[in-house]
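Working notes for the structure below.
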Amino acid sequence: MAWVELITVLALLQFIYLGVLVGQARERYGIKAPATTGNEIFERYFRVQMNTLEQLVVLLPAMWMATAFVAPPWAALLGLIYLIGRFVYLRAYVAEPSKRSAGFGITALPILVLLLIDLVGAVIRLIRG
Amino acid sequence: MAWVELITVLALLQFIYLGVLVGQARERYGIKAPATTGNEIFERYFRVQMNTLEQLVVLLPAMWMATAFVAPPWAALLGLIYLIGRFVYLRAYVAEPSKRSAGFGITALPILVLLLIDLVGAVIRLIRG
Amino acid sequence: MAWVELITVLALLQFIYLGVLVGQARERYGIKAPATTGNEIFERYFRVQMNTLEQLVVLLPAMWMATAFVAPPWAALLGLIYLIGRFVYLRAYVAEPSKRSAGFGITALPILVLLLIDLVGAVIRLIRG
Chain A
47 MAWVELITVL
57 ALLQFIYLGV
67 LVGQARERYG
77 IKAPATTGNE
87 IFERYFRVQM
97 NTLEQLVVLL
107 PAMWMATAFV
117 APPWAALLGL
127 IYLIGRFVYL
137 RAYVAEPSKR
147 SAGFGITALP
157 ILVLLLIDLV
167 GAVIRLIRG
Chain B
47 MAWVELITVL
57 ALLQFIYLGV
67 LVGQARERYG
77 IKAPATTGNE
87 IFERYFRVQM
97 NTLEQLVVLL
107 PAMWMATAFV
117 APPWAALLGL
127 IYLIGRFVYL
137 RAYVAEPSKR
147 SAGFGITALP
157 ILVLLLIDLV
167 GAVIRLIRG
Chain C
47 MAWVELITVL
57 ALLQFIYLGV
67 LVGQARERYG
77 IKAPATTGNE
87 IFERYFRVQM
97 NTLEQLVVLL
107 PAMWMATAFV
117 APPWAALLGL
127 IYLIGRFVYL
137 RAYVAEPSKR
147 SAGFGITALP
157 ILVLLLIDLV
167 GAVIRLIRG
């Protein structure tokens with residue numbers, strides 16, 4: 047389970063890092079709290095953080111549930127792909143929001159695979175009683 | 047535990063589906079990223095997704111913790127009510143935001159029941175040592 | 047584990063309470079859904095809720111994973127500091143957003159300590175095989 051724990055910590059640290067980037071952009075472009083709009087670049091960092099929040103909330107339960115159905119290192123490997131994809135997403139989104147699809151796909155795909163593992167695993171358990 | 051796993055997967059898939067609806071509304075109403083405002087209907091879909099994120103983050107730990115105190119299928123049943131309520135909420139909010147209270151209530155109630163189970167369960171454990 | 051369960055329930059209830067405050071501010075300042083802007087005070091409550099969502103999503107897995115590496119009551123104690131810090135953050139942010147740093151720090155610090163425990167614990171497990 048240690049690989050899954052490690053990927054979880056790294057995914058949480060990555061999310062915190064994205065929050066730090068938002069804070070720095072807030073400073074740099076003079077967006078005073080509670081505002082979250084007013085500068086296009088700030089808004090890109092902010093949306094990267096929010097979109098990552100949306101995916102993180104799905105990734106973590108999907109990955110941990112999958113450890114009940116496949117060897118934990120496989121679940122962690124899918125989590126690792128998510129981690130890498132999020133950095134691709136960050137770089138692409140900040141440079142040009144319309145180019146964010148590739149990074150989004152790299153993070154969405156392992157999440158969907160994990161959910162498929164969970165769905166099949168849970169249904170098989172229910173059928174077998 | 048398989049029912050709780052199944053409801054968890056379905057709740058995560060439902061949340062992803064709400065994200066897909068936001069993406070489609072973004073396309074349909076020409077709201078270019080990183081903007082999240084500019085069209086009332088888009089904003090309704092966006093708020094449904096965000097509000098579901100807020101509730102999902104409470105539902106999942108509340109439901110899983112409850113399996114330590116009640117039979118897991120009962121926890122899953124409360125999760126199922128949440129699932130149905132979120133669809134009611136989606137339909138109502140998109141049609142007319144001021145009518146969103148009923149759907150909100152159907153999803154908030156099972157969450158509060160789960161938290162009550164968790165609270166009582168944890169306190170009893172602490173008292174008994 | 048009962049202390050960790052109790053802190054989890056309290057953190058979830060605190061988050062729900064922040065949502066109730068947002069709903070009340072929505073009413074008081076006449077911000078009609080789906081809008082989330084238009085009144086500075088409303089936006090402060092809204093941002094407190096959203097920022098708490100961001101931290102809650104990190105706190106819960108960080109705290110639960112830490113129970114594998116330190117005695118659960120210690121993990122719960124760090125969670126308790128988070129809980130108190132969030133109330134400090136709420137009070138400060140609503141009064142004056144630029145004064146929110148102290149409350150933010152009181153909640154960010156225990157989260158970082160928990161993540162450090164998790165990281166060291168997971169790495170030790172991997173090294174030992």
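Residue numbers (the numbering used here), protein chains in the order written: chain A, 47 to 175; chain B, 47 to 175; chain C, 47 to 175.
Beta carbons are placed, not taken as given, at the ideal position from N, Cα and C, and that holds for glycine.
These figures come from a predicted structure and were not determined experimentally.
Chain-ordered, the chain C residues with CB closer than 7 Å to the CB of A108(B) read L58. Assigned with DSSP and collapsed to three states, K78(A) falls in coil, not helix or strand. Residues Q95 of the same chain have their beta carbon placed closer than 7 Å to that of G65(A), with the five preceding and five following residues left out of the count. Judged by beta-carbon spacing, V55(B) lies within the 9 Å limit of L165(A), meaning their Cβ atoms are closer than that value. Taking all protein chains shown into account, I173(B) has fewer than 16 neighbouring C-beta atoms within 10 Å of its C-beta and is therefore exposed.
Assignment of F150(A) by DSSP, reduced to helix, strand and coil, places it in the helix class. Closest option to R74(B), judged by alpha-carbon separation, among I62(B), F61(B), Y91(B), L58(B): Y91(B). The beta carbon of Q95(B) sits closer than 9 Å to some beta carbon of chain A.
DSSP places V116(B) in the coil class of the three-state scheme, outside both helix and strand. Residue contact with chain A for Y128(C): absent (no Cβ-Cβ distance below 9 Å to any residue of chain A). In this structure, A121(B) sits near L160(B), with a CB-CB distance shorter than 9 Å. Around the C-beta of A117(A), fewer than 16 other C-beta atoms lie within 10 Å, and the residue is accordingly described as exposed. When DSSP states are grouped into helix, strand and coil, T98(A) belongs to the helix group. DSSP, reduced to helix, strand and coil, places M109(C) within a helical segment of the structure shown.
Assigned with DSSP and collapsed to three states, G69(C) falls in helix. Q101(C) is not a Cβ neighbour of Y139(C), given a cutoff of 9 Å. A buried status is given to I157(A), since no fewer than 16 other beta-carbon atoms sit within 10 Å of its beta-carbon.
Counting only residues of its own chain and dropping the five nearest sequence neighbours on each side, R146(B) has a CB closer than 8 Å to the CB of Y135, A138, Y139. One finds P107, M111, D164 in chain B with Cβ atoms closer than 8 Å to the Cβ of T54(C), taken in chain order. For R90(C), the C-beta contacts it makes with chain A under 9 Å involve A79, P80, in order along the chain.
In this structure G167(A) is buried. Its beta-carbon is surrounded by 16 or more other beta-carbon atoms within 10 angstroms.
Secondary structure at T83(B): coil, using DSSP grouped into helix, strand and coil. Neighbours of L99(A) across chain C, judged by C-beta separation under 8 Å: L99, E100, V103. Taking C-beta atoms as the reference points, M111(C) and I53(C) fail to come closer than 9 Å.
The beta carbon of T83(C) falls within 9 Å of a beta carbon belonging to chain A, placing the residue at that interface.
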